[in-house]
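Colleague: Residue 5 is where the sequence shown starts when you use this note's numbering, and the numbers rise one by one after that.
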Amino acid sequence: MNIWGEEDSPFGEDYFGSRHGKVVIGVIPRSEDGNSLDGTTTVFRYFAKIIVKDDSIETKGVCHMDACILSITTRMEEDVGGDGDGCGDQPEILLLNDPDKMKREKLQQLKVTVNCELDEQVRILGYNQGGEGLRGRGEHLNRTADFARGYVVMKFVTDEYEKASLCQEFKPREEIVVVCYIIGGHSSGLRVNQQEEVIEILSRADSAEKHKCYLVPASEWKPLVKKAKKLSLF
5 MNIWGEEDSP FGEDYFGSRH GKVVIGVIPR SEDGNSLDGT TTVFRYFAKI IVKDDSIETK
65 GVCHMDACIL SITTRMEEDV GGDGDGCGDQ PEILLLNDPD KMKREKLQQL KVTVNCELDE
125 QVRILGYNQG GEGLRGRGEH LNRTADFARG YVVMKFVTDE YEKASLCQEF KPREEIVVVC
185 YIIGGHSSGL RVNQQEEVIE ILSRADSAEK HKCYLVPASE WKPLVKKAKK LSLF
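1) Evaluate Asp58 with the Cβ neighbour count: other Cβ atoms within 10 Å of its Cβ, from every protein chain shown; 16 or more gives buried, anything less gives exposed.
2) Quick check: the Cα distance between Asp150 and Val126, rounded to an integer number of angstroms?
3) Less than 8 Å between the beta carbons of Glu224 and Met69, yes or no?
4) Expressed to the nearest angstrom, what Euclidean distance is found between the alpha-carbon atoms of Leu206 and Val27?
5) At the level of alpha carbons, what is the spacing between Val157 and Leu99?
6) State buried or exposed for Met5, treating a residue as buried only when at least 16 other CB atoms are found within 10 Å of its CB.
7) Can you give the Cα-Cα distance for Glu213 and Val183, rounded to whole angstroms?
8) Taking the C-alpha atoms as reference points, what is the distance between Val181 and Lys115?
9) Once DSSP output is grouped into helix, strand and coil, what is the label at Asp37?
10) Consult DSSP for Arg127 and reduce its assignment to one of helix, strand or coil.
11) Measure the C-alpha to C-alpha separation of Met106 and Gly92 and round it to an integer number of angstroms.
12) By alpha-carbon positions, which one of Ala222, Val31, Ile73, Phe48 ends up nearest to Gln112?
13) Please classify Asp37: is it buried, with 16 or more other beta-carbons within 10 angstroms of its beta-carbon, or exposed?
14) Does the beta-carbon distance from Gly90 to Asn132 come in below 8 Å?
15) Do you know offhand how far Leu237's Cα is from Ile29's?
16) Grab me the residues of Met80's own chain with a C-beta within less than 8 Å of its C-beta, minus the 5 sequence neighbours each way, in chain order.
17) Residues in the same chain with beta-carbon distance under 6 Å from Lys159, minus the five sequence neighbours each way, listed in chain order, please.
18) What do you reckon, are the CB atoms on Gly193 and Leu129 nearer than 8 Å?
19) Just to check my reading of the structure: Thr117 and Glu201 have Cβ atoms closer than 8 Å, yes? What is that Cβ distance to the nearest angstrom?
20) Just curious, the alpha helix (DSSP H) that Glu62 is in, first and last residue?
Spelled out as structure tokens, the structure:
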């Protein structure tokens with residue numbers, strides 16, 4: 005979605021206004037005995053659609069939360085690797101509104117917690133797109149997962165929004181600040197604690213202090229999940 009007010013597509017429009025847009029979801033495949041094939045490499049397997057997003061986009065014309073809820077619609081006939089160029093050529097198997105088929109996919113549900121303490125040790129999971137010193141950023145799509153280690157240094161809540169630009173208004177009512185060296189590709193990655201519980205989603209980095217990053221806590225985006233469940237779309 006265009007949540008930064010870019011002029012080349014409508015603000016807040018799903019799939020940047022594309023009539024035939026859809027979301028591609030990747031997974032780390034597992035063998036029949038439950039062991040990961042190589043442990044870290046992702047393949048593209050599903051298509052999904054956006055079903056719930058920040059209400060402020062339509063009611064206020066701004067976006068306060070860099071998060072939305074997706075619903076898997078179809079599975080590609082074959083997994084796609086590389087840069088994902090072959091996804092659009094794959095025949096699709098319908099999964100939407102078919103609980104039995106979805107169950108057979110054996111997707112794992114992550115644990116989520118709203119508890120977070122200062123100085124808590126955390127890890128941010130993502131896909132480093134920096135090029136690993138061999139390629140320029142964005143020249144190649146890295147599908148190998150990695151993580152960055154950090155700790156919580158601040159938690160704060162904002163009750164009111166002052167009139168500002170779209171970029172300045174782009175923030176949730178609550179954020180958690182973590183000291184952690186991240187790189188392009190970690191954005192929207194999960195932050196997990198020592199108990200392997202999801203606490204937050206990485207939203208943005210500090211433009212002045214590169215070692216600081218800002219995360220949307222689970223307390224902010226869980227209401228979106230509840231809203232999606234009430235719509236009976238899961």
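For every residue, glycine included, the Cβ atom is placed at its ideal position computed from N, Cα and C.
Modeller: Walking through what the data contain:
1) buried
2) 14 Å
3) yes
4) 19 Å
5) 42 Å
6) buried
7) 10 Å
8) 21 Å
9) Summary for Asp37: the model assigns pLDDT 47, below 50, so the residue's position carries little reliability; its value from the coordinates is reported in the next sentence. If DSSP states are grouped into helix, strand and coil, Asp37 belongs with coil.
10) strand
11) 21 Å
12) Val31
13) Low local confidence applies: a pLDDT of 47 at Asp37 is under 50, so the model's placement there is unreliable, with the coordinate-based value given in what follows. Asp37 is exposed by the Cβ-count criterion.
14) no
15) Here the model assigns Leu237 a pLDDT of 48, short of 50, so the residue's position is not dependable, and the following value carries that caveat. Looking at the two C-alpha atoms, the distance is approximately 17 Å.
16) Phe48, Arg49, Tyr50, Phe51, Cys91, Gln94, Pro95, Glu96, Ile97
17) Ile180
18) yes
19) 4 Å
20) 60-63
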